[in-house]
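Engineer: For the sequence shown, my numbering begins at 108 and goes up steadily by one.
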Amino acid sequence: MPGPAFGFRRSSVVIGAVILFVLAGLYATDRALTQASRERLRVDAAESAALVESFLSQRAEALAALRAVYADGQASIHRAALAEYTIALTDFLPGIRRLWVADSSGRIVDDVAVTGGAHLPAADMDTIHTLGLDSLAARARLTSRPLISAPGQLFGDVRGVVMMMPLCSQPRRSCAGFIAALLSSDVILATALRHAPTEQTGLLILAGTDTIASRDWPTSEGDEMRVTFPAPDGREWQVLLRHDTNIGHARSLLWTIGLIALAALAWGMVRERREAVYAAERSRELERLSTEALRANRAKSEFLANVSHELRTPLNAIVGFVDLLRDGVYGELAPRQVAPVERIAASAGHLRHLVDQVLDIAKMAAGRLEVHQESVDLRPFVFDVATEVEPLVSEKELAISLSVPATLPRVRTDPAHLRQILVNLIGNAVKYTPAGRIEVKARFVDAALAGESTTPAYAELRAQAPDPTRAWIALQVIDTGIGIAPADHARIFEEFEQVNAGPRGDSMHRGTGLGLPISRRLARLLGGEVTVRSALGKGSTFTAWIPVDRGDIRAAPHRTTPTATPVIGPSGRA
C-alpha cells in the first residue's frame, strides 16, 4: 500500500494541476470581461447611431410629405394648413422648434413656431443667414433631397440645425421655394441617450468636423467606440461613445480574489490530503482491530463450543446415573431419597438444556450449523411437539390448544431446527404465563388469497410477513402472560438479554437469554423469520414464518380459517 510520502507527492501534482486550471479560468474570465465590455460599448454606440439616424429620417420624411401640399408650385402659401400640420407633426415627432416656407427667391412667406409664435424676428433672420442658408437654398435647387445646415445658435437659447426640403420633386427643375425646419440639438442628444446604460460617460454626435450635440466628454480613461451612419442629405454623421466600466478595477478584483482562492484551495487540499492520510492510517488500524475482534470472537465461539462439548460428557453421565437410580438398578430408593434424586434429575436436565443452547449459538456464530431439508407435514409435526412439552404445560396447570388444518401444504425445511424453534417459543410462553392458556396456530398466508380472506385478522397477519409477495406458513404461539413492552421487542432477540426475568434466586426459570435469539437465527437459516407482537399485561404472540414452495401449494388444497381444537387441558389430559 502506498505510504504518506506517495500521497503527498500525488497531492502536489493534483494541486499544481488545479492551480493551472484556475489560472486558465481567471485568464479566460478576464478575456471574457474585456470582450463583454467592448461588446456592450459596440451595441450602445450602434443603438445610439440608429436612433439618431431614425430621428433625422423621420423628420425628412415629414418635410417630404409637407412638400406635397405645395406640389402645384404656386407661390400662394396657406398658413392655416401649415400651422395645423406643424402642430400635429410635432406631437408625433418632437424636436422641430420652428417650421417655415420660403419662395424661390429665399423670402420667407410663412412660418409657424411650435410655441405658437408668429413670424421670425429680424434678429433671427440674420442668425439664419449666418448659417449659410442662402448657399444651402441654392444647393437645394440642384437636388430634390433634403439638406442639413451646420450647427449653430438659432434663436433665443436654442441650438441646433436647419433641415431644408426643396419644393421640387426632380433635380435641376424650377423650384417654388423650400420648406425648412429648426431641429433642436438637445432633442437630438436626448434621442441618442434614450437607452443609454449607466456606464456611458460621454457621447458626441458629429457631422464631418462639426459637433451637432454632445454629452460631457470625460478626461478619464475609458473605452471608446465610433459608429458612422448616413444622414438624409447623403453626408456621413458619426456617434462617438465612451464607457467608463471600471473594467480595470473589476479585473484587479478578479485576479485578487482568484489568487486568494488559489491559496485557500492549495491550503485546503494539503489539509485534506493530510486528513486523508490520517484517515487511511485510522482505517488500517480499525481494520486490524476488527480482524483481531473477529479472531477473538471466533476463538470465544470455539472455546464455548469446546467447553459445552466437554461439559456434555459428565452431564450425560450424571443424567444417566440418576436415571439408573430412579429405575432401581442399584436398589429401591428410600422414600426420603426420592425427592432429592428428582431434584438432581431436574437440575441436570436444565443444565444440559443450557449447555445445548450455548453450543448451538457457538455453532451459529462459527457458521458450522448444518441444514438438512425434508418434506414436513405440519399437522402431525406440531402435535408431536405439543406432546413433547406436555409435562412442562401440565406442571404450571395451563391450558393449551392447537389449530393446525390437515389441508396445509407440506413445507421443505429442517425438522430438527423447526422443532427447536417451536419448543423454544412454547417454552418461553409457558415460562412467562403464570395462569391462563396458550394457543398454537398454523396458518397459510399468501398474497394470492387476498380475495378469499378479507378478515381484518388475516390482513393484519399478512402485513407482518417478511416478504408479502411470497407464500408462508405462520406458526403462531399465543399466550395470555405478562407481555412485553414495545420498547423491549428488539432486546429480546439479542444474545444473553432477558426482559421480565425472574429474581436471581430463581435460576431454574431465568435461563440464559438465548432461546429467542436461537429461534430467530434458526428461522433465518431456514429462509424465514420470527416476529413478535406484544404489550405489557396483554400477552404475547410469537410467529415463526416458514417459506412455502409454489409447487407444494399446487399439490395440496388449503383453508385459511381453521377452527381451534384444544388438545391439552390444565389437568394435562388430551
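All C-beta atoms in this analysis are idealised placements derived from N, C-alpha and C, irrespective of residue type, glycine included. Given the structure is predicted, the values throughout are model-derived calculations rather than measurements.
Looking at V496 and V511, is the spacing between their C-beta atoms short of 8 Å?
Structural biologist: Not in contact: V511 and V496 (Cβ atoms no closer than 8 Å).
Engineer: Kindly confirm or deny that the stretch 577–587 and the stretch 639–655 touch, where touching means at least three C-beta pairs closer than 8 Å.
Structural biologist: Counting Cβ pairs under 8 Å, three or more are found: they touch.
Engineer: For A124 and V150, what's the separation of their Cα atoms in angstroms?
Structural biologist: So the two alpha carbons sit approximately 38 Å from each other.
Engineer: Using a 10 Å radius around the Cβ and a threshold of 16 neighbouring Cβ atoms, would you call F199 buried or exposed?
Structural biologist: It counts as exposed.
Engineer: For W344, count the other beta carbons within 10 Å of its own beta carbon; 16 or more makes it buried, fewer makes it exposed. Which is it?
Structural biologist: Counting Cβ neighbours within 10 Å, W344 comes out buried, since at least 16 surround it.
Engineer: Using a Cβ-Cβ cut-off of 6 Å (strictly less than) and excluding sequence neighbours within five positions of I533, which residues of its own chain qualify?
Structural biologist: Here the set comprises V496, V584.
Engineer: Run the CB neighbour count on T520, radius 10 Å, all protein chains shown included, and call it buried at 16 or more, exposed below.
Structural biologist: Label assigned to T520: buried.
Engineer: Since L633 and L525 should fall inside the 8 Å C-beta cutoff, what is the C-beta to C-beta distance between them, to a whole number of angstroms?
Structural biologist: At roughly 7 Å, the Cβ-Cβ gap stays under 8 Å, so L633 and L525 are in contact.
Engineer: Leaving aside the five residues before and after L401 along the sequence, list all residues of the same chain whose C-beta is less than 6 Å from its C-beta, in chain order.
Structural biologist: Within the same chain, L401 has no close Cβ partners at all.
Engineer: Using DSSP with H/G/I as helix, E/B as strand and the rest coil, what is D613?
Structural biologist: Note on D613: pLDDT 45, under 50, position unreliable in the model; the coordinate value appears next. Coil.
Engineer: Cα-Cα, which of Q307, R405, A570 is closest to R349?
Structural biologist: Here the closest residue by C-alpha is Q307.
Engineer: Less than 8 Å separating the beta-carbons of V426 and A455?
Structural biologist: Contact flag set, yes.
Engineer: Bridge partners for K548 per DSSP, in chain order?
Structural biologist: According to DSSP, K548 bridges with S510, Q583.
Engineer: Under a Cβ-count criterion, where at least 16 other Cβ atoms within 10 Å of its own Cβ denotes burial, should E546 be classed as buried or exposed?
Structural biologist: Under this definition E546 is a buried residue.
Engineer: Looking at the structure shown, is D351 part of a helix, part of a strand, or coil, going by DSSP?
Structural biologist: Reduced to three states, the DSSP call for D351 is coil.
Engineer: Is it the case that the stretch 381–400 contacts the stretch 150–166, given that we only count it when at least three CB pairs across the two stretches are under 8 Å?
Structural biologist: Because the criterion of three Cβ pairs below 8 Å is not met, the stretch 150–166 and the stretch 381–400 do not touch.
Engineer: Quick one: is N535 buried, meaning 16 or more other Cβ sit within 10 Å of its Cβ, or exposed?
Structural biologist: It is buried - the Cβ of N535 has at least 16 other Cβ atoms within 10 Å.
Engineer: Restricting to Cα atoms, I'd like to know which of R517, R550, Y134, A506 is closest to A542.
Structural biologist: Cα-wise, what sits closest to A542 is A506.
Engineer: Determine the DSSP secondary structure at D430, reduced to helix, strand or coil.
Structural biologist: Helix at D430.
Engineer: Any idea what DSSP makes of R372, helix, strand or coil?
Structural biologist: Note that residue 372 corresponds to Leu in the displayed sequence, not to Arg. In this structure, L372 counts as helix in the three-state DSSP scheme.
Engineer: When DSSP labels each residue in this structure, what does I295 get in the three-state scheme?
Structural biologist: Correct three-state label for I295: helix.
Engineer: With respect to the beta strand (DSSP E) encompassing S211, which residues constitute its N-terminal and C-terminal limits?
Structural biologist: Per DSSP, S211 belongs to no beta strand (DSSP E) and is neither H nor E.
Engineer: Here's the rule: buried if 16 or more other CB atoms are within 10 angstroms of the residue's CB, otherwise exposed. What is A597?
Structural biologist: Exposed, by the Cβ-count rule.
Engineer: Could you check whether E602 and I451 sit closer than 8 Å to each other, using their CB atoms as the reference points?
Structural biologist: Contact: no.
Engineer: Counting along the chain, where does the alpha helix (DSSP H) carrying I599 start and finish?
Structural biologist: Run containing I599: none; DSSP gives neither H nor E here.
Engineer: Measure the beta-carbon distance from P258 to V268 and round it to whole angstroms, keeping in mind my assumption that it falls under 8 Å.
Structural biologist: Indeed they touch by this definition, with Cβ atoms about 5 Å apart.
Engineer: Between the Cα of F336 and the Cα atoms of I312, D323, D351, D317, which residue gives the shortest distance?
Structural biologist: Considering only alpha carbons, the answer is I312.
Engineer: DSSP state of G284, grouped into three classes?
Structural biologist: G284: strand per DSSP, three-state reduction.
Engineer: Are there 16 or more other CB atoms within 10 angstroms of the CB of A90, so buried, or fewer, so exposed?
Structural biologist: The requested residue 90 does not occur in the structure, where the chain is confined to residues 108 to 681.
Engineer: Identify, in the order they occur along the chain, each residue of the same chain with its Cβ nearer than 6 Å to the Cβ of G620, setting aside the five sequence neighbours on each side.
Structural biologist: Result list for G620: F603, E604, Q605, in chain order.
Engineer: Less than 7 Å between C-beta atoms, sequence neighbours within five positions excluded: which residues of the same chain meet that for R640?
Structural biologist: Closer than 7 Å at Cβ, skipping near neighbours: T648.
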